[in-house]
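Residues in the sequence shown are numbered consecutively from 672, following our numbering.
One structure is given below, encoded as structure tokens.
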Amino acid sequence: MTKVVIVGTSATELKGHPTGLWIEELAAPYYQFKKAGYEVVVASPAGGAIPIDAGSMAEGFFTEDAKKFMHDAEAVGQLSHSVKLDSIDFSTGVDAIFLCGGHGTCIDFHDNAIVKGAIETLYAADKVVSAVCHGPMALPQCNKPDGTPLVKDKVVTGFSDSEEIAVTMQAMVPFLLESKLKEKGGKYESADDWNSKVCVDGKLVTGQNPQSSEACAAAVISVISSA
């Protein structure tokens with residue numbers, strides 16, 4: 672059975688600003704992967720309960736998949752008892768990693784040896800590395816087996832600088848994601864703010880924003896199916 676590890680943040684705040692996981696970005700992929708018949712593991716850097724950014728359950732952001740997830744006992748169970756990332760052996764049996772967003776990732780994804788190791792192990796083994804919105808915060812620290820930046824010469828996307836400025840978080844984040852991906856040699860592409868955009872370059876799959884989570888997961892399934 673195809674096995675996908677979905678990773679959410681363990682961080683509850685960013686410089687005093689309450690944050691966490693953007694629930695849509697876990698819920699939509701979770702159901703897509705389940706529907707595809709995959710084994711789905713929900714993990715986080717610290718393990719245990721994954722905090723949810725309250726903003727992602729506000730009017731206009733709380734999607735049907737997110738509502739379904741929060742009323743799904745099995746799903747909530749996995750969210751409440753997430754597997755600690757360093758307990759997973761990414762060198763065997765894992766076909767893909769999917770990194771969800773939410774500003775919590777600005778604390779525990781971008782400079783994390785365990786997250787880095789998981790991504791680099793899968794990438795080197797020609798497995799799928801995928802991330803949506805702020806999930807790609809994890810990518811700039813990663814390298815290809817030859818030591819060059821993982822995103823170098825790769826077509827990628829992620830939360831755009833203009834979107835970060837629109838939510839007035841530009842001074843809170845460790846770096847502006849679009850700018851950092853470009854700095855690392857990534858061929859960054861984006862849609863207009865809050866429109867779905869997914870980039871697929873080999874086994875690297877990235878989505879721009881919460882509106883891209885469903886399409887990003889569908890792209891992962893497509894890449895796995897054609898492997």
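For each residue, glycine too, the CB sits at the ideal point set by N, CA and C.
Bear in mind the structure is a predicted one, so any value in this text is a computation, not a measurement.
Please name the residue, chosen from the options, that lies closest to residue i on a Cα-to-Cα basis.
i      : options                        : result
HIS688 : GLY708, PRO700, ALA725, GLU710 : ALA725
GLU791 : THR819, THR776, LYS705         : THR819
SER861 : GLY873, THR877, LYS855, GLY772 : THR877
GLU684 : ILE721, TRP865, ALA837, PHE830 : ILE721
GLU849 : ALA744, GLN879, ASP766, SER896 : GLN879
ALA837 : TRP865, THR828, ASN814, PHE732 : TRP865
SER801 : LEU692, SER681, ALA890, ALA698 : ALA890
ILE785 : ALA714, LYS738, CYS870         : ALA714
GLU854 : GLU834, MET843, PRO811, GLU885 : PRO811
ASP824 : LEU875, MET741, PRO881, LEU750 : LEU875
THR690 : ILE723, VAL711, PRO716, GLY679 : ILE723
TYR794 : ASP782, ASN814, LEU852         : ASN814
PRO845 : TYR859, LYS798, ASP782         : ASP782
Could you check if residue i is buried or exposed, using at least 16 other CB atoms within 10 Å of its CB as the buried criterion?
i      : result
ALA729 : exposed
ILE677 : buried
PRO816 : exposed
SER727 : buried
HIS752 : exposed
SER758 : exposed
LYS686 : exposed
HIS774 : buried
LYS706 : exposed
ALA898 : exposed
GLU745 : exposed
MET672 : exposed
GLY873 : exposed
THR839 : exposed
ALA698 : buried
GLY764 : exposed
GLY731 : exposed
ALA682 : buried
ALA888 : buried
ALA789 : buried
Based on DSSP bridge pairs, tell me the residues matched to residue i.
i      : result
ASP872 : LEU875
ILE723 : LEU692
ASN783 : DSSP, once it has assigned bridges, lists no residue as partnering ASN783.
GLU684 : PRO689
ALA714 : VAL678, VAL754
ASN814 : PRO820
TYR709 : Its beta-bridge partners do not exist; DSSP assigns none.
LYS858 : VAL826
SER801 : PHE769, VAL876
Hey, is residue i's beta-carbon within less than 9 angstroms of any beta-carbon in chain C?
i      : result
GLU854 : The displayed structure is made up of one protein chain only, and chain C is not part of it.
Would you kindly check if the distance between the Cβ of residue j and the Cβ of residue i is under 9 angstroms?
i      : j      : result
LYS755 : GLY718 : yes
GLY748 : GLY772 : no
CYS804 : SER883 : yes
ASP863 : LEU847 : no
PHE769 : PHE704 : yes
GLU695 : ASP736 : yes
GLY856 : VAL826 : no
TYR709 : ASP760 : no
SER896 : VAL871 : no
ALA809 : SER762 : no
PRO700 : GLU834 : no
GLU828 : LYS868 : Looking at the sequence provided, one finds Thr at residue 828 rather than Glu. Yes, the Cβ-Cβ distance between THR828 and LYS868 is below 9 angstroms.
At a cut-off of 8 angstroms, would you count residue i as near the ligand ZN, judging by its Cβ distance to the nearest heavy atom?
i      : result
MET672 : Among the ligands in the structure shown, none appear at all, so the ligand ZN cannot be discussed.
Runs of 4 residues minimum, wholly inside the segment 747-771: which ones carry the alpha helix (DSSP H) assignment?
Within the segment 747-771, no complete alpha helix (DSSP H) run reaches 4 residues.
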